[in-house]
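Chains A and B, in that order, give the protein sequences. Residues in the first sequence are numbered from 5 upward in steps of one, following our numbering. Residues in the second sequence are numbered from -9 upward in steps of one, following our numbering. Even glycine gets a Cβ: it sits at the ideal position worked out from N, Cα and C. Following: one structure in structure tokens, then a few remarks.
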Amino acid sequence: MSAAVQGLRMTLRMPKEAEERVEPEVARPADEDALARRALGGDRAAWDALVARHHRRVVVSLLARGVRVDRAHELAQETWARLIQQQQRGLLTELRLPNLALTQAAFLAADDARRSRRESISGAVEELPERQHPVDPSVSAERRLLSEEQLSRAHAALAQVSPSARNVFLLACDGQELPHAEVAARVGLSVQRVRQILCEVRKKLRTALEEETHA
Amino acid sequence: MLKPHLTRDSAEQYILGALSPESAATLEAHTLECEPCARLLQEEALLSEQLQEVAQSFPPEVRVIRPARWHVRRVAAGAVSAALAAAASLALVLLPGGRGSHPSTVVSGGVAPAALELELDAPRAIVVACPDLATQDSCAQAAEERGLLVQSPLGTTGNVPRYEARTGLPEGALSARRPVSL
């Protein structure tokens, strides 16, 4: 099986509807792997491409932790700097993005919160880190994890969505960080329409996820 | 605080990266001054992260195996005729030896049903048709775990697992007129 599957693995992520266009689809994940390999080899251009693709996700993950916008951008920058530094020291053997970057960013955010708390302990109440973080980070950390119930409700809601909309949503949110333009090209829609669909699906899923918290 | 407050829509657009750089910068500057708006932005970011989790845990597709009925029938027919032939030869060769004194009382009906039952309990070949290339890997693996014969569309490149007597198919899968879900 291995030979056949290795050939097929390239096609695993492609949308069902686009099967007839196998050739251009195959190129992408291979491109992603090649980028990661080149980045591990110290290729600056490859790093730039990876950073461009995953930076937004890192920033959003920091925002979700209750980090201020300006600090989130700084920490995201530092995340990439650290990763590149680790690669240059030969400490990186594998580059799985965005997960590696998200973990690094989460670590930096926690470190940052700890440091600012320590520094402000002797300061005035106004300077307590709680003033900097709009929401208690520990609360948001708990909320980050979806319960089984929420997850199954969200899946049920997602199953109700039209197949093409679901396809768009899964393509855009499956962790590969495809730019919306690329999602649009794959499903043959305009970028505008793709974003519109994403917003619609988002609304439905938000309702599905929130049901429990209000009940 | 002169800048307009965030709406859920604008926060959503910001998270999706759909805002122009200028409006994104304005929005960011506003959240630094306005705590409720910062919280709104955080909620949207949190939702975005949760949606990633939802998308990544969403089962890729409903996995379907389709017993190829014509093949099963053909195999079953072959098995039955083989069983009958075996039973007949058994009856012809062994029984006359065992009960030599009553060759005429050998009732093939008494032997053949047992042999037939035995044969039907024996492994059957079930062809699993993988729905498409995208799910082929997982489908083939699931089928393989059940000891089914996996036929790869690419020909003979796939492993052909040994199949066991019990296939663990859902009840009624073989006689079903429609595809049966795993």
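Within the same chain, Cβ atoms closer than 6 Å to the Cβ of A/Ile201 are found at Ala169, Val172, the five residues on either side in sequence being excluded.
At least 8 Å separates the CB of B/Glu12 from every CB of chain A. Closest in C-alpha terms to A/Val205, from the list A/Leu39, A/Leu67, A/Asp35, A/Ala158, comes A/Ala158. Only those residues of the region 23 to 52 of chain B whose C-beta falls short of 7 Å from the nearest C-beta of chain A are listed: Glu25, Ala28, Arg29, Leu31, Gln32, Ala35, Leu36, Leu37, Ser38, Glu39, Gln40, Leu41, Gln42, Glu43, Val44, Ala45, Gln46, Ser47, Phe48. Among the residues facing chain A, B/Thr16 is not included, as its CB has no counterpart in that chain under 8 Å away. For B/Gly7, the nearest beta carbon of chain A is closer than 8 Å to its own beta carbon. Taking C-beta atoms as the reference points, B/Thr21 and B/Leu(-4) count as a pair closer than 8 Å. With respect to the 8 Å criterion, A/Leu112 and A/Thr83 are classified as neighbours on the basis of their beta carbons.
Close to B/Glu2, with beta-carbon spacing below 8 Å, are these residues of chain A in chain order: Cys203, Arg206.
Proximity of the region 207 to 214 of chain A to the region 9 to 26 of chain B falls short of the contact definition, fewer than three beta-carbon pairs being nearer than 8 Å. Taking a beta-carbon distance threshold of 8 Å, B/Thr(-3) does not count as an interface residue toward chain A.
Straight through space, the alpha carbons of A/Cys177 and A/Ala161 are spaced by roughly 16 Å.
A/Gly192 does not reach chain B, its nearest Cβ partner there being about 17 Å away, counting only Cβ pairs nearer than 9 Å.
Listed along the chain, the chain B residues whose CB falls inside 7 Å of the CB of A/Phe173 are Ala45. Under the three-state reduction of DSSP, A/Val71 is assigned to coil, being neither helix nor strand.
The beta carbon of A/Leu106 is closer than 6 Å to those of Ser65 in its chain, skipping five residues each way along the sequence. Per DSSP, reduced to three states, the secondary structure at A/Val165 is coil, with no helix or strand assignment. A/Arg190 sits away from B/Ala8, with the two beta carbons spaced by 8 Å or more. The beta carbon of B/Leu31 lies closer than 6 Å to those of Ala1, Thr21 in the same chain, with the five residues before and after it left out. At a cut-off of 8 Å between beta carbons, A/Arg72 contacts chain B. For the C-beta of A/Ser65, the chain B residues within less than 7 Å are, from N- to C-terminus, Glu39.
The Cβ atoms of B/Gln42 and A/Gly70 lie no closer than 8 Å to each other. For A/His184, the enclosing alpha helix (DSSP H) stretches over residues 184 to 191. Take A/Leu150, set aside five residues on each side of it, and the residues of its chain with a beta-carbon closer than 8 Å to its own are Ala158, Leu213, in chain order. Remark: C-beta atoms of A/Arg72 and B/Ala28 approach each other more closely than 8 Å. With respect to chain B, the C-beta atom of A/His58 has no partner C-beta closer than 8 Å. Contacts with chain B (Cβ-Cβ distance below 7 Å) from the region 158 to 172 of chain A involve Ala158, His159, Leu162, listed in chain order. In this structure, the beta-carbon distance from A/Leu79 to A/Ala117 does not fall below 8 Å. For the pair A/Ala53 and A/Val63, the CB atoms are not nearer than the 8 Å cut-off. Around the C-beta of B/Gln46, fewer than 16 other C-beta atoms lie within 10 Å, and the residue is accordingly described as exposed. Chain B has no Cβ within less than 8 Å of the Cβ of A/Asp52. For the 8 Å CB-CB criterion, A/Arg48 and A/Glu181 do not form a contact. Nearest CB-CB separation between A/Asp116 and chain B: not below the 8 Å threshold.
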